[in-house]
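One structure is given here, and the rest of the page talks about it.
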Amino acid sequence: MASSSGSGGKRGKRPSSARLRTLVGGFKAEGEAKGRSKSAELDMEWGEIEHQMTPSTPLAETLVSLIQQTQLVIVESDRTDRDSTPLRVDLSEFGSVGPSYAQNAEGLATRMRDRFDAGDFQGAHDAARALLEREPDDADAKRVEERARSVLLDMFGACLGPLSSVPYLALPLGDVMSLGLDHRAGFVLSQIDGVSAFDDILDVTGMPRLDSMRILCDLLVSKVIALR
Amino acid sequence: MERVIGIDLGTTNSCVAIVENGTPVVIPNRGGYKTTPSQVAITEAGKRLVGHIAKRQAVTNAENTVYAAKRLIGRKWNSPAVVQSISNCSYRIVEGPHGDVRIALRDRVYSVPEISAMVLQEMKTIAEDYLGEEVQKAVVTVPAYFNDGQRQATKDAGTIAGLDVIRIINEPTAAALAYGFGKKVDRMVAVYDLGGGTFDISILEIGSQGVFRVVSTAGDTFLGGEDFDHRLIDWLVEGFQKEHGIDLKQDRMALQRLKDAAEKAKCELSSVRETEVNLPFIISTGSNEALHLQRTIKREDLESLTKDLVERTLTICQSTLEEAGIERDEVEDVILVGGMTRMPLVQQRVAELLEREPSKGVHPDEVVALGAAIQGSALLDESQELILLDVTPHTLGIMIVGGYFEELIPKDTTVPTARSKVFTTVRDNQTAVKILVLQGESNRAEENELLGEFVLTGLRRAPRGQVEIEVTFEINADGIVSVVAKDLETGHQQSITVTATSGLTPDEIKSMVSESKDYAVDRRSSDEFEGIRQEAEKLVFDIEKLFPEVEQIVAGSDFGKDAVEKAQGVLSRAKAAIERRDEEGVKEQIEALQRTHRMFKGVVAKTT
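Residue numbers (the working numbering), protein chains in the order written: chain E, 1 to 228; chain A, 1001 to 1608.
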C-alpha cells in the first residue's frame, strides 16, 4: 500500500537517506520548538517541503502529516528528480518524530479539536484516544472520544446496513492477494465465510468494535466483500 | 411424547443425538454442523459465546475463552491434571471454596460444572430447535476412567443446564452400543478413541443378549487432535520465520488464523495427498506492508511431524491389552472414535497393531452421541433389553499401617461387585480403628484420592494382631460405593456410603440452576427480538436507501412533502424502539415500515 510521496507538489533535491537521518536526529535534539531548526541546511531542506505543504503548519506536524497522509514507506537513497518511482522513507528511521509529536498533549488536544470541528471524526477519535493515554482524566478528550465514537459507529453502521447481513468474499483469492490490506484487515477478511453475519464477525475479531466496523466498511466500499 | 436426548460432552467437541422412529440420528446445530466445539467465551461486552463462535475468537480473546473444561470437571484443586492445566491454559484457573476448581472470566468466577452446563444448554437448545419442543431428559457420556466425583460433577452440569440426566454412561460403551445397534453381535471389540484433546482405548465385550461389558480402559487426557494441529502450526511458523524473520506466534490474530488453517489442512490431508495453506495479509511489517503465508503441505509432511503422537497412542493400547491379559487376536473388531481417527496413518498403525482393519460402519464423530441416544431410548422403552456392565475405573482400597494402600477392588472389576479382606490391630490394647477409603493406583495412600473415612470403635483390648476386622467394599449397579468394617469377634460394625461430590454445595447448584434458567429465558426472548430487529433494520435500511430519490421525485408537491415527513417519523420511531430493545414497539413499527417501503417503491417504480 505504499503510495507516492510529495504527490502533486514540486519536488526539490531529495536528501540522501544518510542526510535524512542527520536532519531528523537534529530535529529531535532540538526539542519541541515549533519545528524550526537552527540549522541553515535543515531550514533549506525542510523549507522546500514546508513550502509545498501548508506554510503555516509547523514543521513537526507537516512531517507527521506527510508521513501519515501519504504513507511514506521504505528507504531509498541517492535519488534524482528523474526517478519515476515515489520517494520512500523508512518509517523506522522517522520513528523518533511521530511519537515525540504524539506525546505532546497540547498538540494532541489542538489536533483533536481541529479534527472534530472539521468533521474528521476518525482523526478526532484517534487524537482523543492518544490524549487519553497520556491524560486519562482529560474531560474534553473523554467527551470528544465518546462523541466521535458514537458518530463513527453510526456512520459505519449506515455503511454496513443491518448487522444481520451476511457478507461474502466478492473477489477471487488471487485478486485479494494483490490488494494492499494490512494484517488487521486480512484477519477480518479471513472471518468472512459467507455464513456468518456482521454481528458474528464483530464478536470474533477480538478488536474494538469501532475498528472492526471500520475495516468491514472499507472492505465493503472497496467491493472486496459484498452482501447476500 | 417424552424424549431423551443423548449427549456426547466431549473435551473438544460435543454432539447431540436422538432416536427417531427407531433410528438414532445426530442433530445438526444452527450452522449445519453435527458437532459443536465445547468452548465458552465471554466477550468484552459481557456477551456469552458458545460453540463455533467461541472457538473462532479463542486466540484473540484467549483469557476469556474456556476450552477443555472436561479435563477439570470434578477434580480437586491439587490434582495433577489441574496442575498441568494451570500451566497450559490461557484462561485463569483458581481454587474454589471447597478445594475444587473454578475459572475466572472477565469479572466473574465460574465453577467448572457451570461452564460445562453452558455447553450442555447449547446442546439442549440445538435439540429443542430441531424437535420444536422442550427437552428435559438426557443421557450424557463420560470417559470410562471418570471417578465418582467427575461423574457427579457432569450430572450437576446437566442439572444446571436444565436437564434431568437420567443416566451417565461410559463413552466406549456408548460407541459399542451404536456399533452393535440392530445387530446380534457377540464379540470382543477395541474402542480406539482419539479426539481433539484426549485419547482413550477400551476393550469391551458385547454379548448377543444386549450385554455390554467394559473389560479394560486406559488413556491420556493430554493427547489429542490439538497436539497434531500444534505440530503443523509450529512447522508453518518456523517456515515463515526462516523466510521473513518474523515470529507469527507473537501476533494473536496471526496465531488464530494459523490455528484455523492448520486444523483445516490437517482434516483435508485425510482425504487428499497435499493441500495449500493460504493466509493473505497474515502480518504487517514495520514498513507498512502485509505479508502472505502460502505453503503447500503434503500428507507425508504431516505424518512425519506427528508420527510420535500416533505411536504414543499405540504404546498405551499395547499396555492396556497386556494389563487386561488379552491377546491381540482375541480382539475381534476395532471401532474408531474421534475425528483424528480419519487420519490414514492412525488407521494404518491401529490396523497393524491389532492385526485387523478397523470397522467402517460407524461415524467417528457421531458414534458416542448415537450410543447415548440409543441408551436413552432404551431407558424409556422397557421392552428394549440393554444391560450395560461397567468396570471400576480405579482401584479401591484402604490405608494400612505405614501409610500404604491396600487394594480391595482392583481396577477394571465389573460392577456390581463386593470384596472383603480381614485386617488386624497393629498396637496392643487398640480399641478403635480408623478406616480411610481411597481410590487410585499408587501403593502410597497419600498419593491416592481420599473418598471418605470412618472409625470403628469398641474393639476388645488385646495384644496387637489378635483382634480381627473384616472390611467389605461393595459397589452397586449405580456405582455407589459402600464400605463396612466389622469386628469379627463381636459382630459390631461401622459403615460408610461414599457420596460423590462435584465440589458444589446443594445451595450453589440451586442458585446456578436458577441463574441458568434466567439466561435461557433471556436468550429465548433475545432470539425472538433479534428476528424482529433484523426485519425492522432491513426495512429501515431499504427505506433510507430510497429516501433521496423519493424526496427528489415528490419535491414541490405538498402531498409528497407530507408523506416524506410521515416516513421520517416512522423511521425515527422504529429506530428508537430498536435502540430501546422494545420488542412490542418494534413489532408495532414493522407494519408502518412495510407500508412506507411499499409506498416508496411504488413512487420510484412509477417514475422509472
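Where is the CB? At the ideal position from N, CA and C, for every residue including glycine.
- prompt: Among residues of its own chain, excluding the 5 on either side of Asp-966 of chain A, which ones have a beta-carbon nearer than 8 Å to its beta-carbon?
  reply: Residue 966 of chain A cannot be examined here, being either before or after the span of chain A that is shown, 1001 to 1608.
query: Are there 16 or more other CB atoms within 10 angstroms of the CB of Met-213 of chain E, so buried, or fewer, so exposed?
result: buried
query: Taking the alpha carbon of Val-1604 of chain A as the point to measure from, which residue in A:Ile-1532, A:Val-1119, A:Asp-1542 has its own alpha carbon closest?
result: A:Asp-1542
message: If contacts are defined as beta-carbon pairs under 8 Å, then Arg-1075 of chain A and Ala-1068 of chain A qualify, I think. What distance do you get, rounded to the angstrom?
response: Wrong, their Cβ atoms sit about 12 Å apart, outside the cutoff.
query: Going by beta carbon distance, what residues of the same chain come within less than 7 Å of Ser-1270 of chain A, once the five residues before and after it are set aside?
result: Arg-1342, Met-1343, Pro-1344
query: Out of curiosity, what's the CA-to-CA distance linking Val-97 of chain E and Ser-1287 of chain A?
result: The predicted position of Val-97 of chain E is uncertain, since its pLDDT is 41 and thus under 50; a value taken from the coordinates is nonetheless stated next. Approximately 16 Å, taken between the alpha carbons.
message: Run through chain A and tell me which residues come within less than 7 Å of Pro-167 of chain E, C-beta to C-beta.
response: Under the 7 Å cutoff, chain A gives no residues; its nearest Cβ is about 14 Å from Pro-167 of chain E.
message: What residue range does the beta strand (DSSP E) around Tyr-168 of chain E cover?
response: 167–169
Residues that DSSP places opposite Thr-1141 of chain A in a beta bridge: A:Asp-1008, A:Ile-1169
query: How would you call Ala-1265 of chain A, buried or exposed, if buried means at least 16 neighbouring beta carbons within 10 angstroms?
result: buried
query: Taking 8 Å as the CB-CB cut-off, is Gln-1039 of chain A touching chain E?
result: no
task: Find out if the Cβ-Cβ distance for the pair Thr-1296 of chain A, Ile-1201 of chain A is shorter than 8 Å.
output: no
query: By DSSP, does Ile-1201 of chain A sit in helix, in strand, or in coil?
result: strand
task: Would you kindly work out how many angstroms separate the C-alpha atoms of Asp-1527 of chain A and Arg-1328 of chain A, rounded to a whole number?
output: 53 Å
message: By the three-class DSSP mapping on this structure, what secondary structure does Lys-1486 of chain A have?
response: strand
message: For Asp-1164 of chain A and Asp-1562 of chain A, I'd like the C-alpha separation in whole angstroms.
response: 60 Å
query: Hey, quick one: how far does the alpha helix (DSSP H) through Phe-121 of chain E stretch, first residue to last?
result: 121–134
- prompt: So which residues on chain A does Ala-185 of chain E lean against when the C-beta distance must stay under 9 Å?
  reply: Phe-1281, Ala-1290
query: How about Ser-1014 of chain A and Met-1123 of chain A: do their beta carbons lie closer than 8 Å?
result: yes
- request: Check the Cβ of Leu-253 of chain E against every Cβ in chain A and list those closer than 7 Å, keeping chain order.
  value: Coverage of chain E is limited to positions 1 through 228, which leaves residue 253 of chain E absent and any answer about it impossible.
query: Between which two residues does the alpha helix (DSSP H) containing Thr-1596 of chain A stretch?
result: 1583–1607
message: Between the alpha carbons of Thr-1065 of chain A and Glu-1449 of chain A, how many angstroms are there, rounded?
response: 30 Å
- prompt: Between which two residues does the alpha helix (DSSP H) harbouring Ala-226 of chain E extend?
  reply: No alpha helix (DSSP H) holds Ala-226 of chain E; the beta strand (DSSP E) holding it covers 225–227.
- prompt: Under 8 Å between the Cβ atoms of Asp-1186 of chain A and Glu-1171 of chain A?
  reply: no
- prompt: DSSP on Ala-173 of chain E, reduced to helix/strand/coil?
  reply: Residue identity differs from the one stated: residue 173 of chain E is Leu in this sequence, not Ala. In this structure, Leu-173 of chain E counts as helix in the three-state DSSP scheme.
- prompt: Is there a Cβ from chain A that is less than 8 Å from the Cβ of Ser-65 of chain E?
  reply: Note that Ser-65 of chain E scores 42 on pLDDT, short of 50, meaning its location in the model is unreliable; the coordinates nonetheless yield the value given after this. Not closer than 8 Å to any Cβ of chain A, the Cβ of Ser-65 of chain E fails to qualify, so no.
task: Would you grab the beta carbon distance between Gly-1403 of chain A and Arg-1444 of chain A for me? Rounded to a whole angstrom, and I think it's under 8 Å.
output: 6 Å
task: Please check if any C-beta of chain E sits within less than 8 Å of the C-beta of Ser-1284 of chain A.
output: yes
task: Return no unless some Cβ of chain A is closer than 8 Å to the Cβ of Gln-122 of chain E.
output: no
- prompt: Is the region 1413–1430 of chain A touching the region 1454–1473 of chain A in the sense that three or more CB pairs, one from each, lie closer than 8 Å?
  reply: yes
query: Is Ser-92 of chain E helix, strand or coil when you go by DSSP?
result: Confidence is the limiting factor: at Ser-92 of chain E the pLDDT is only 42, short of 50, which leaves the residue's position unreliable, though a coordinate-based value still follows. Here Ser-92 of chain E sits in helix by DSSP.
- request: Quickly, what does DSSP pair Gln-1439 of chain A with across the bridge? List them, please.
  value: A:Leu-1396, A:Glu-1449
query: In terms of alpha-carbon separation, which member of A:Asp-1582, A:Gln-1294, A:Ser-1208 lies closest to Glu-1243 of chain A?
result: A:Gln-1294
- prompt: Is Gly-1022 of chain A buried or exposed, if buried means 16 or more other CB atoms sit within 10 Å of its CB?
  reply: exposed
query: Can a CB atom of chain A be found closer than 8 Å to the CB of Val-176 of chain E?
result: yes
message: In whole angstroms, give me the CA-to-CA distance for Arg-307 of chain E and Gly-123 of chain E.
response: Because chain E here runs from 1 to 228, residue 307 of chain E falls outside it and cannot be looked at.
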